[in-house]
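Protein chains: 2
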Amino acid sequence: MRATVQTKEIRDAILDATDKLLAKYGYQKMTIDDLAAEVGIGKGSIYLHFKSKEEIALSHVDRIVDRLCARLETTAASDLAPDAKLRQMALERVSYRFKSVQHYSQSINELLSSLRAKLLARRREHHAREAAIFARVITEGQKKNLFINGKPTQTANAFITATNALLPFGLSTKELGERKEIENKALTVVNILLRGITYHKEQS
Amino acid sequence: MRATVQTKEIRDAILDATDKLLAKYGYQKMTIDDLAAEVGIGKGSIYLHFKSKEEIALSHVDRIVDRLCARLETTAASDLAPDAKLRQMALERVSYRFKSVQHYSQSINELLSSLRAKLLARRREHHAREAAIFARVITEGQKKNLFINGKPTQTANAFITATNALLPFGLSTKELGERKEIENKALTVVNILLRGITYHKEQS
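As you go down the protein sequences, you meet chains A and B in turn.
Numbering-wise, the first sequence is residues 19 to 222 according to the working numbering.
Numbering-wise, the second sequence is residues 19 to 222 according to the working numbering.
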């Protein structure tokens, strides 16, 4: 048990250092030696936890998604109405990811170029995890006769797809400086989607 | 006049060769010498039209967008109802871009990684051109009392944003092999958006 806690602590410390050094040096220039020095452990200890620099950077993105999913779960379990939950969750996935990389928006292109193929493959799993949380709220809204019928997973995937272009992967360095504008774009898309799944009682 | 026509013909021939060689070699390995040989002109003639290999590749993407916009204009000017036009246009932007790169889906990651920053900067202008065509159809639908009121440009941008993640830039090599699946995703998003902007007469 203690060993597991330590493993998680060291992993987290390595990923915290990664976050800091990505901002400072960028992905290409960051070395395992830099990371070891930043954490205050030996280079060999890093390799006990991660196979390569690439795996560290990908795990760093995974951790952002883990934390985002924890937030989405909190919103999904809150007392808000289902439509308010979906709105907040969709905005959260955009603004949380945005904030996660904003301190290294200058070097992020280099990271996302270098890892493009692997990140795209990984995104599929990330998005499926998020979609599962959205689908539960959509089911809740359907049960309350707020949302029209339809496969909750398919609708959830539509919310994910429709906001995916607003995640850092799809944004230029310039756009990564325009938080308010990106959040407004997300809000417009999400409001149209929400109206699109809302049951209008008076409708024939 | 004749000179201008020739210029356009040679430019087009160079971009046709680019399309072919991107599929054959990929972006990194493709050289200006290869392109000159493929077109059957001297290397110097290529540089009369383009400053660099990078500019050639970006112009190649511009040409795809030019051709897409011509198709969108045709649909926008057709006899279809405004909602049917928007549906077809949104699907067209996904499937046309998809088909444009499908013959080099294996090497596209390398192209998109190499040009990531410049492409992202360029996308803004591409998307604004497309959004202008969507906005006209939305205005048409509002005048016919089919669509709810709202700023046509903002709604148009929402259609663009919501389908952007389904363009080749946001797809993995694996997903670039799944045309039907990508088109279905686009259709789900677009149908929800369309319902979201449609005026329901019976609604209070």
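Where is the CB? At the ideal position from N, CA and C, for every residue including glycine.
Note that the coordinates shown come from a computational prediction; the quantities given were computed from them, not determined experimentally.
When we look at the beta-carbon of residue i and count the other beta-carbons within 10 Å, is it buried (16 or more) or exposed?
i: A:G60; result: exposed
i: A:A88; result: exposed
i: B:S63; result: exposed
i: B:S96; result: exposed
i: B:N202; result: exposed
i: A:H78; result: buried
i: B:K103; result: buried
i: B:Y122; result: buried
i: A:E148; result: buried
i: B:N167; result: exposed
i: A:A94; result: buried
i: A:A18; result: Residue 18 of chain A falls outside the range modelled here, since chain A spans only 19 to 222, and no answer is possible.
i: B:E27; result: exposed
i: A:T179; result: buried
i: A:M19; result: Only weak support is given to the placement of A:M19: the predicted model assigns it a pLDDT of 49, under 50, and the question is left unresolved by the model.
Please determine, among the options, the residue with the shortest C-alpha to C-alpha distance to residue i.
i: B:A35; options: B:F177, B:P186, B:A54; result: B:A54
i: A:K71; options: A:T93, A:R85, A:Y45; result: A:Y45
i: B:N182; options: A:V207, A:E199, A:I74, A:S96; result: A:V207
i: B:R234; options: B:R29, B:Q160, B:I200, B:D84; result: Since the displayed chain B opens at 19 and closes at 222, residue 234 of chain B lies outside it and no answer follows.
i: A:H218; options: A:N163, A:D80, A:K169; result: A:N163
i: A:I200; options: A:L109, A:D97, A:R147; result: A:L109
i: B:R81; options: B:T92, B:Y114, B:T93, B:S132; result: B:Y114
i: A:T25; options: A:T179, A:H67, A:T171; result: A:H67
i: B:F152; options: B:R213, B:H78, B:S77, B:R105; result: B:R105
i: A:A31; options: A:Y43, A:V57, A:G159; result: A:V57
i: A:P170; options: A:D37, A:I50, A:A94, A:R154; result: A:R154
i: B:I74; options: B:E143, B:L129, B:K42, B:Q124; result: B:L129
i: B:K192; options: B:S125, B:E91, B:A180, B:H144; result: B:S125
i: A:R213; options: A:P100, A:H145, A:A150, A:H144; result: A:P100
i: A:K198; options: A:T49, A:K117, A:K42; result: A:K117
i: B:I50; options: B:K42, B:A41, B:Q160, B:Y65; result: B:Y65
i: B:S132; options: B:K42, B:K47, B:E196; result: B:K47
i: A:G159; options: A:F187, A:E196, A:H144, A:L98; result: A:L98
i: A:A150; options: A:M107, A:F187, A:F165, A:Q120; result: A:M107
i: A:K42; options: A:V119, A:E91, A:K69, A:E196; result: A:V119
i: B:H144; options: B:L90, B:K161, B:E196, B:K69; result: B:L90
i: B:K69; options: B:T92, B:D37, B:R29; result: B:R29
Since residue i and residue j should fall inside the 8 Å C-beta cutoff, what is the C-beta to C-beta distance between them, to a whole number of angstroms?
i: A:D52; j: A:L33; result: Their Cβ separation, rounded to whole angstroms, is 14 Å, which puts A:D52 and A:L33 out of contact at 8 Å.
i: B:T157; j: B:I215; result: With 8 Å as the limit, B:T157 and B:I215 do not qualify as a contact, their Cβ atoms being about 12 Å apart.
i: A:L138; j: B:S190; result: 4 Å
i: A:A176; j: A:L205; result: At roughly 16 Å, the Cβ-Cβ gap does not stay under 8 Å, so A:A176 and A:L205 are not in contact.
i: B:V112; j: B:L185; result: 7 Å
i: B:K136; j: B:L76; result: 6 Å
i: B:R142; j: A:N127; result: Actually they are not in contact, since the Cβ atoms of B:R142 and A:N127 sit about 15 Å apart, beyond 8 Å.
Whole alpha helix (DSSP H) elements within the stretch 111-165 of chain B, 4-residue minimum
Runs of the alpha helix (DSSP H) inside the stretch 111-165 of chain B: 126-132, 134-161.
Taking only beta carbons into account, state which residues of the stretch 118-151 of chain B come closer than 8 Å to chain A, listed in chain order.
Legend: CB atoms of the stretch 118-151 of chain B lying less than 8 Å from CB atoms of chain A belong to residues N127, L130, S131, S132, R134, A135, L138, A139, R141, R142.
With 9 Å as the C-beta to C-beta threshold (strictly closer), list the residues of the stretch 176-191 of chain B near chain A in chain order.
Closer than 9 Å at the C-beta level to chain A, one finds these residues of the stretch 176-191 of chain B: A176, F177, I178, T179, A180, T181, N182, A183, L184, L185, F187, G188, L189, S190, T191.
Using a Cβ-Cβ cut-off of less than 7 Å, give me the residues of the stretch 195-208 of chain A that come near chain B, in sequence order.
Correct list: K203, T206, V207.
Note down, in chain order, all residues in the stretch 48-77 of chain B with a beta-carbon under 8 Å from any beta-carbon belonging to chain A.
Cβ contacts with chain A come from no residue of the stretch 48-77 of chain B.
Kindly provide the ranges of any alpha helix (DSSP H) runs that are 4 or more residues long and lie completely inside the stretch 20-49 of chain B, ordered along the chain.
Restricted to the stretch 20-49 of chain B, the alpha helix (DSSP H) segments that are unbroken, complete and at least 4 residues in length are 20-43, listed in chain order.
Output the residue ranges of the alpha helix (DSSP H) runs that lie fully inside the stretch 163-200 of chain B and measure 4 residues or longer, sorted by chain position.
Qualifying alpha helix (DSSP H) stretches, in chain order: 170-182.
Between the stretch 97-119 of chain A and chain B, which residues of the former have a C-beta closer than 9 Å to a C-beta of the latter?
So nothing in the stretch comes that close.
Closer than 9 Å, Cβ to Cβ, to anything on chain B: give me those residues from the stretch 79-94 of chain A, in chain order.
Within the stretch 79-94 of chain A, no residue qualifies.
Tell me which residues of the stretch 32-48 of chain A have at least one Cβ-Cβ distance to chain B shorter than 9 Å, keeping chain order.
Listed by position along the chain: nothing, the set is empty.
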